Structures are given as structure tokens and as C-alpha cells.
Amino acid sequence: MSGTPQPLPSLSAVLGLKPGDMAAVMGAGGKATLMKRLVRELLDAGTPVIVTSTTNLHGLGAEEGVSLLLSGEGRDRVREAAAAWAARGPVVWVEKKLPQNMFRGLPPAQVEALHAQRFGGVLVVKTDGARKRLVKAPGKGEPVIPRGATHCLVVLGLSAIGQRAEPGIVHRGERVAALTGLRLGDVIAPSHLAALASHPESYPSRLPPGSRRVLYLSHCTDAERLRLAGEVWRGVPPGRYDLLVAGDTAEGNFYVQGENA
13 MSGTPQPLPS LSAVLGLKPG DMAAVMGAGG KATLMKRLVR ELLDAGTPVI VTSTTNLHGL
73 GAEEGVSLLL SGEGRDRVRE AAAAWAARGP VVWVEKKLPQ NMFRGLPPAQ VEALHAQRFG
133 GVLVVKTDGA RKRLVKAPGK GEPVIPRGAT HCLVVLGLSA IGQRAEPGIV HRGERVAALT
193 GLRLGDVIAP SHLAALASHP ESYPSRLPPG SRRVLYLSHC TDAERLRLAG EVWRGVPPGR
253 YDLLVAGDTA EGNFYVQGEN A
């Protein structure tokens with residue numbers, strides 16, 4: 013990248029999200045913050061949002077949305093609920109309350125049923141877990157992406173670069189090592205993130221045909237992190253993803269390869 017890129021202010025606009033879409037979010041190092049960002053942007057634009065998960069989901073907080081247990085009656089009320097809460101926060105559809113402000117998500121078929129009701133908004137779905145690590149490799153059967161997903165966002169944390177590969181940083185370390193060569197105690201480099209993002213046995217082969225495939229590098233908080241994002245992008249073979257994005261999710265600054273360099 014040359015010069016000082018100008019960030020873009022809206023992630024939902026960068027992604028091209030519109031009513032009727034389903035965004036499936038996976039990976040590590042900022043999924044929850046990214047989901048909250050999408051929710052806020054969409055609601056500010058007057059677009060209703062339903063948030064759910066095919067795995068466990070942390071509560072968004074009372075100020076950010078209401079959590080409703082999904083029942084047959086609840087499914088019938090999806091349009092009403094989404095419209096009623098659009099000005100106050102997203103509707104969070106879950107199956108069961110768990111300890112520590114966690115909820116059990118929905119089976120994929122129920123998420124697909126919600127999407128099929130065409131409630132006039134965007135469905136945002138967490139599709140795997142990372143136990144708050146910065147990088148991960150998908151396990152067997154992950155991610156659990158519902159049919160009909162229009163956007164698939166693979167998240168990796170740029171803040172992992174320069175840190176040593178320890179259990180508190182890397183989720184499924186043995187699997188990460190098999191895909192990237194990164195061993196326990198090694199310093200994580202941009203090449204490791206690029207390999208994890210692009211390896212045929214990692215996320216790319218698990219994304220459904222026809223969805224918009226997005227690699228999102230989180231924690232892009234300064235010029236040095238943006239430079240590192242460029243190194244990661246250069247290590248990803250053409251065609252693996254449709255869109256390469258880096259962002260400071262909390263602050264709302266987003267960079268797209270080739271569009272703001």
C-alpha cells in the first residue's frame with residue numbers, strides 16, 4: 013500500500029448487506045464485536061436485525077437487544093418482533109438460557125426457517141466458537157453454516173501477529189500447526205494467518221457456493237497493523253475470497269484491498 017489509506021466508515025456498506033441477506037460469521041479474534049457493529053449500523057439505517065447462532069452465543073447486553081427463546085409461536089411472530097424492536101435493538105433468537113450470560117443457539121434448520129420468513133431485515137449468525145482466542149482452525153463439522161447464507165465472514169485477529177502461539181492465543185493449536193506449520197511457542201507471523209485463511213482444508217473449502225466470501229482481519233488499529241494486513245492479503249491466493257477487509261471494528265474504520273489504498 014502506498015500513501016495513507018482513507019478508511020471507510022460502514023462495514024455493512026462495504027459488505028453490501030441488504031434486507032433479505034444472511035451473514036454467517038466465523039473464525040476468531042473479534043466475531044462478537046463485528047456482529048455488534050453490523051447490528052448497530054443496520055439498525056441506524058432502519059433495517060431490522062435478527063441475531064442468532066448455530067453454536068453458543070454470548071448475550072449482547074440489555075442495551076443492545078432483547079433475547080427471546082424460540083418456540084413455534086415465536087417463529088410465527090418473527091416479523092412482528094423484528095419490526096417492534098428495530099428502533100431499540102436487534103432481536104436475539106435462541107433456544108435455551110445457559111450460565112454466564114450464554115445462550116444455546118438454534119439448529120441450522122430453524123435458522124433457515126427464520127430466514128425463509130423474509131422478515132424485511134438482515135439475519136446475522138454466529139457459526140462457530142473460538143473460546144475468546146485470537147486465531148483458530150475450524151474443527152470437524154465447523155463452521156455450521158445454514159443454507160441460504162449470502163455472506164460468509166471469516167475473522168482473524170491481527171493482534172495475534174508478533175505473539176507466541178500459546179493456548180491462550182490459538183484455539184485448536186494442533187490443527188493450526190497442521191495447516192500452517194505454526195508450532196507451540198513460535199512467534200505468529202502474517203504468513204501464518206495467510207496460510208490459515210487460505211489452506212484448502214481450512215475455511216475456504218467449507219464456505220457454500222454462491223455466498224460472498226469475505227476475509228476480515230480485525231484489530232487494524234493503526235498504520236502498522238494495516239501494513240501487516242497487507243502482508244496477510246498478499247499471502248492469500250487469488251480466488252480464495254471475494255473480498256479482503258481489515259478493520260478497527262470498535263472505532264468503525266475499514267479498509268478494503270484495492271479500494272482505499
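The opening position of the sequence shown corresponds to residue 13 in my numbering, with each subsequent residue numbered one higher.
Ideal Cβ placement from N, Cα and C applies to all residues, glycine included.
As the structure is a computational prediction, the values presented were derived from the model and not from experiment.
8 Å contact criterion, which residue i and residue j should meet: CB distance rounded
| i | j | result |
| --- | --- | --- |
| A44 | H70 | 6 Å |
| R145 | I181 | 6 Å |
| G42 | G169 | 6 Å |
Residue j beta carbon less than 9 Å from that of residue i
| i | j | result |
| --- | --- | --- |
| P177 | L194 | One detail in the question is off: residue 177 reads as Ala in this sequence, not Pro. In contact: A177 and L194 (Cβ atoms closer than 9 Å). |
| A209 | V156 | no |
| V134 | G32 | yes |
| T139 | S223 | no |
| R116 | E107 | yes |
| N68 | G141 | yes |
| D359 | P19 | Any property of residue 359 remains undetermined from this structure, which presents the chain solely from 13 to 273. |
| V103 | V61 | yes |
| Y228 | L110 | no |
| L219 | C164 | yes |
| P216 | R252 | yes |
| L238 | E213 | no |
Bridge partner(s) assigned by DSSP for residue i
| i | result |
| --- | --- |
| R260 | Before going further, note that residue 260 is Asp rather than Arg in the sequence given. Answer is N265. |
| H204 | None, per the DSSP bridge assignment. |
| N68 | R116 |
| I181 | Looking at the DSSP assignment, I181 forms no beta bridge with any residue, so it has no partner. |
| R176 | V199 |
| L227 | V166 and L256 |
| M38 | V166 |
| K148 | H183 |
Pairwise C-alpha distance: residue j and residue i
| i | j | result |
| --- | --- | --- |
| R246 | H211 | 14 Å |
| A258 | V37 | 15 Å |
| L240 | G132 | 38 Å |
| A320 | G197 | Examination of residue 320 is not possible in this model, given that the chain is present from 13 through 273 alone. |
| A161 | S203 | 29 Å |
| F266 | P21 | 6 Å |
| R49 | H127 | 20 Å |
| E154 | V188 | 14 Å |
| C232 | G58 | 28 Å |
| D254 | Q122 | 28 Å |
| A262 | Q112 | 23 Å |
| R130 | V268 | 30 Å |
| I173 | P250 | 22 Å |
| H183 | K30 | 32 Å |
| Q175 | E243 | 16 Å |
| V63 | W105 | 6 Å |
| R143 | P179 | 10 Å |
| P158 | R225 | 15 Å |
| A149 | V248 | 16 Å |
| E75 | M114 | Annotation note: pLDDT 44 at E75 (below 50); position unreliable, no value reported. |
| P17 | S230 | 17 Å |
| P120 | E236 | 39 Å |
Legend entry - Three or more C-beta pairs below 8 Å linking the stretch 24 to 35 and the stretch 52 to 59: Because the criterion of three Cβ pairs below 8 Å is met, the stretch 24 to 35 and the stretch 52 to 59 touch.
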